[in-house]
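Peer 1: Here the protein sequences come in this chain order: A and B.
Numbering that gives the first Met the number 0 applies: residue 0 is where the first sequence begins, and numbers increase by one.
Numbering that gives the first Met the number 0 applies: residue 0 is where the second sequence begins, and numbers increase by one.
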Amino acid sequence: MFESLSDRLQDTLGKLARKGQLTEKDVDEAMKEVRRALLEADVNFRVVKDFVAKVRERAIGQDVLKSLSPYQTVIGIVNEELIAVLGAEREPLRAPDRPPQVIMLVGLQGSGKTTHAAKLAAHLRKEGRNPILVAGDVYRPAAVNQLQTLGKQINIPVFDEGIQANPVDIAAHGLQHARERGFNPVIIDTAGRLQVDERMMQELVNVKAKIAPTEILLVADAMTGQEAVGVAEEFHRQLGVTGLILTKMDGDARGGAALSIRAVTGVPIKFIGTGEKIDALEAFYPDRLATRILGMGDVQTLMERAKEQTSEAEAERVSKRMMKGSFDLGDFLDQLQKIKKMGPIGDLLGMIPGMGNQLRQVKDQISDDATKSIEAIIQSMTPYERRHPDMISSSRRRRIARGSGCTTAEVNQLLSQFKEMRKMMGQMGNMAKKGRMPKGFPPLR
Amino acid sequence: MVFRRLFRRQAEPDVQLEKSLEKTRRGVFSEITRLFDRSAIDEELYEDLEMLLLQADVGVDVSEQLVGELRARVERDRIADPAIAREALREAMVELLELATRNRKLKVLQRGVPFVVMVVGVNGVGKTTTIAKLAAYHQGFGRSVMLAAGDTFRAAAIDQLKVWGDRLNVPVIAHEQGADPGAVVFDAMQAAHNRGIDVLIVDTAGRLHNKFNLMEELGKIRRIMQRHVEDAPQEVLLVIDATTGQNGLIQAQKFAEQVDITDIMIAKLDGTAKGGIAFSVAKELGTPISYVGVGERAVDLSEFKPETYVDSLFFGEGDGL
């Protein structure tokens with residue numbers, strides 16, 4: 000599919016670097032790649048144009064031409080500029096002049112408003128707040144039921160007046176209800192609508208006028224194409240949007256829409272939705288999205304997912320065993336199963352910086368099925384065999400092969416690979432003791 | 000008795016599609032038409048054309064390809080008149096979309112054997128609405144339809160389907176939220192069989208394409224269907240949101256890897272959706288695009304026809320339809 004920007008720049012600039020002096024034309028070649036990658040990430044073409052011009056100017060000004068590592072220099076500039084556009088700082092939700100804080104969610108159909116109303120409520124309650132949800136979508140079949148069901152799931156009250164009432168009244172009554180009972184914040188779900196639907200947009204304007212919300216958050220699908228800008232501009236023009244929730248960021252979405260919307264409207268991105276589950280809402284970090292657009296991997300997310308699966312003490316224990324070279328097949332199986340819980344292996348590898356290129360070459364070899372036979376082989380071993388892989392004789396190997404439904408050759412292969420791996424771990428352990436990492440490993444931060 | 004019913008072709012111009020594409024046309028594509036209202040073909044024309052195609056979500060590769068082909072054609076045929084060049088572009092675009100129809104298979108409906116349609120796609124692309132439209136579409140041919148509420152994950156997805164079922168007077172087989180979708184499908188298959196239903200449309204949970212386990216569940220549903228009807232689901236329809244950018248392509252590809260997609264529907268083609276993703280989908284995947292969804296009413300579904308698609312985007316007066 001799409002090659003990541005970092006891989007492309009590495010290809011283009013890597014080749015050029017070897018030939019010595021770079022020319023302005025070479026930089027232009029690189030800029031072509033930047034342009035293409037951004038377009039493929041669904042960044043709006045106007046935004047791309049401005050962005051590329053800015054990067055080019057800086058690249059030439061910063062002596063990329065004389066740089067010994069033009070790739071790093073250009074990637075650095077692109078990364079910095081991306082972060083600059085995305086907003087260097089995290090912007091929290093606005094505080095109201097007087098409580099309650101009223102948050103209204105708006106957006107196109109299917110962008111994820113109802114789900115994110117509930118996610119946001121659950122998120123804010125975790126911060127010690129006392130939220131209430133208001134069901135303002137009277138048009139989509141069962142939208143009110145959906146919010147009620149979600150409210151029940153997370154045990155947060157939902158204010159609704161059925162589907163006959165007028166959304167402006169529902170919002171006003173919901174707010175009043177919240178004031179009387181001390182709920183804060185008030186999160187208002189609205190029906191999805193097209194930004195060109197004048198009558199429906201007017202309705203939102205009326206709701207806004209009636210309840211004067213603290214925040215109007217535009218809920219936008221990260222997979223939206225070029226039109227993202229048109230949608231955001233129009234919602235912003237009519238309503239004065241104060242923030243953005245970017246949803247469905249758990250797909251392969253590069254999130255180019257975020258860059259476009261931010262660049263054109265200046266509206267800050269406040270949250271990103273990363274899954275169907277209620278807790279799949281994260282505060283937005285510009286640098287993470289920048290690396291994602293660049294395709295440079297996403298170490299932070301990888302670390303977070305790893306943390307979910309294993310405690311620090313556990314990680315400490317395992318890494319000690321690795322360093323000592325006493326890591327056995329039982330540990331290996333355990334780690335393998337934890338990794339599998341983190342998601343498909345292809346996805347995980349994609350998050351590792353620099354894996355992009357290699358990944359494409361081995362992609363077919365690394366499948367989740369492959370791990371299945373490894374698991375089966377180890378599970379067919381006795382605890383003694385798992386601890387002492389060196390002691391596995393050929394008759395034991397035959398038994399293991401039969402037990403796991405694999406061939407003896409496969410068992411042999413696994414054992415020899417494991418031996419190699421353990422040897423490497425031992426070497427790393429020794430070097431770590433001497434205070435240096437083997438060549439080629441990135442410095443630990 | 001076994002007999003064949005083909006999907007009939009509509010003879011009259013597709014007014015509905017025309018109307019819904021109007022906004023798109025007023026945007027990017029009318030600009031494309033206007034682009035050729037000039038006295039000579041120059042470099043600027045190609046540059047602007049590429050930009051407009053990009054803006055319509057046609058994608059970098061396909062945009063470059065279309066512009067490249069046009070350039071070659073203009074040189075080869077010594078075309079000097081921009082109007083002729085425009086026609087050449089139109090032809091190239093139709094040809095590209097025809098890649099998405101040439102693999103279309105004849106659908107065979109057998110009396111007494113439910114024709115099972117499994118509808119898949121990521122969250123929020125309009126699966127449920129699409130199901131309602133499909134139901135109305137099949138009803139239009141006099142077929143009896145049943146719906147299965149296989150999305151047991153999303154809150155109130157079942158209710159939403161039931162509302163449509165009531166409106167269209169179509170039975171809906173449903174369990175509770177959180178139930179096993181496989182069990183729902185099992186019951187639905189049985190019910191469809193017993194009641195002699197012609198078309199069973201199965202909703203599935205909207206799942207993002209990189210969620211491995213969820214995708215596996217689709218495989219399971221399929222196996223359950225096949226216990227009843229050997230070649231079920233006869234149609235696996237992937238719904239793609241017309242506003243999706245190049246991600247739509249990745250989506251489709253990932254889905255195609257997991258479940259054998261037989262048909263694609265481009266939904267939400269109303270409003271300002273550019274629908275350019277159809278070109279990338281046509282070029283990169285062999286899967287036929289069969290339907291386009293427009294509007295929010297149940298009747299707003301059209302069969303996908305490359306000429307209409309391109310012409311609606313280009314002209315709008317119904318010429319060439």
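Even glycine gets a Cβ: it sits at the ideal position worked out from N, Cα and C.
In this text the structure is predicted, and so the values were computed from the model without any measurement.
1) Candidates Gly404(A), Gly13(A), Arg396(A): which alpha carbon is nearest Ser460(A)'s?
2) Determine the direct distance from the alpha carbon of Ala131(B) to that of Trp163(B), and round the result to whole angstroms.
3) Using 8 Å as the threshold, is the stretch 129-145 of chain A in touch with the stretch 252-271 of chain A, meaning 3 or more CB pairs across them?
4) Have a look at Ala82(B) and Arg37(B) and give me their C-alpha separation to the nearest angstrom.
5) For the alpha helix (DSSP H) that contains Glu197(A), what are its first and last residues?
6) With a threshold of 8 Å between beta carbons, is Ser372(A) in contact with chain B?
7) Assuming contact is defined by CB atoms lying nearer than 8 Å, are Val119(B) and Leu237(B) in contact in what I supplied?
8) Thinking C-alpha only, which one of Ala40(A), Asp27(A), Val33(A), Val46(A) is nearest Gly265(A)?
9) Determine whether the Cβ of Ala82(B) lies closer than 8 Å to any Cβ atom of chain A.
10) Beta-carbon separation of Val201(B) and Ala147(B) under 8 Å?
11) In the DSSP output, what is Asn129(A) paired with across the bridge?
12) Cα separation between Ala171(A) and Thr241(A)?
13) Drop a sphere of 10 angstroms on the beta-carbon of Leu174(A), count the other beta-carbons inside from all chains shown, and report buried for 16 or more, exposed for fewer.
14) Does the beta carbon of Gly224(A) come closer than 8 Å to any beta carbon on chain B?
15) I'd like to know if the stretch 278-296 of chain A and the stretch 314-333 of chain A are in contact, where contact means that at least 3 CB-CB pairs between them fall below 8 Å.
16) By DSSP, does Ile164(B) sit in helix, in strand, or in coil?
17) Could you name the residues of the same chain whose beta carbon sits closer than 6 Å to that of Pro452(A), not counting the 5 residues immediately before and after it, in chain order?
18) Using a Cβ-Cβ distance cut-off of 8 Å, determine whether Lys273(B) contacts chain A.
19) In three-state DSSP terms, what is Lys31(A)?
20) Around the C-beta of Gln9(A), are 16 or more other C-beta atoms found within 10 angstroms, so that it is buried, or is it exposed?
21) Using a Cβ-Cβ distance cut-off of 8 Å, determine whether Gln54(B) contacts chain A.
22) With C-beta atoms as the reference, is Ile76(A) less than 8 Å away from Gln100(A)?
23) In the DSSP assignment, find the unbroken alpha helix (DSSP H) run with Ser279(B) in it and report its ends.
24) Can you pull the DSSP bridge partners for Ala282(A)?
25) Determine, for Phe44(A), whether the minimum Cβ-Cβ distance to residues of chain B falls below 8 Å.
26) Is the stretch 176-190 of chain A touching the stretch 94-108 of chain A in the sense that three or more CB pairs, one from each, lie closer than 8 Å?
27) Check whether the Cβ atoms of Ala42(A) and Phe234(A) lie closer than 8 Å to each other.
28) Between Met200(A) and Gln237(A), what straight-line distance do the alpha-carbon atoms span, to the nearest angstrom?
29) Check each residue of the stretch 32-61 of chain A: if its Cβ is closer than 7 Å to any Cβ of chain B, include it; give the result in chain order.
30) Per the contact definition of three or more C-beta pairs closer than 8 Å, is the stretch 140-157 of chain A in contact with the stretch 200-219 of chain A?
31) Cβ of Gln250(B) within 8 Å of Cβ of Ile239(B)?
32) Compare the beta carbon distance of Thr113(A) and Leu146(A) with 8 Å and say whether it is the shorter of the two.
33) With distance defined between alpha-carbon atoms, name the residue in Gly195(B), Gln252(B), Gly181(B) nearest to Met224(B).
34) Please list, in chain order, the residues of the stretch 64-89 of chain B that have any C-beta partner in chain A closer than 7 Å.
35) For Glu374(A), which of Thr213(A), Ile155(A), Ala58(A), Ser403(A) has the nearest alpha-carbon?
36) Classify Met420(A) as buried or exposed, calling it buried when 16 or more other Cβ atoms lie within 10 Å of its own Cβ.
Peer 2: Reading off the structure:
1) Residue coverage of chain A in this structure runs from 0 to 444, which leaves residue 460(A) outside it and unanswerable.
2) 6 Å
3) no
4) 9 Å
5) 197-210
6) no
7) yes
8) Val46(A)
9) no
10) yes
11) Asn183(A)
12) 20 Å
13) buried
14) yes
15) no
16) The sequence given here has Gly at residue 164(B), not Ile. Three-state DSSP puts Gly164(B) in a helix.
17) In the structure as shown, chain A begins at 0 and stops at 444. Residue 452(A) is therefore absent and cannot be evaluated.
18) yes
19) helix
20) buried
21) yes
22) no
23) 276-283
24) Phe270(A)
25) yes
26) yes
27) Sequence inspection shows Val at residue 42(A); the Ala mentioned does not correspond to that position. Not closer than 8 Å, so no.
28) 8 Å
29) Arg35, Leu38, Glu39, Asp41, Phe44
30) no
31) yes
32) yes
33) Gly181(B)
34) none
35) Ser403(A)
36) exposed
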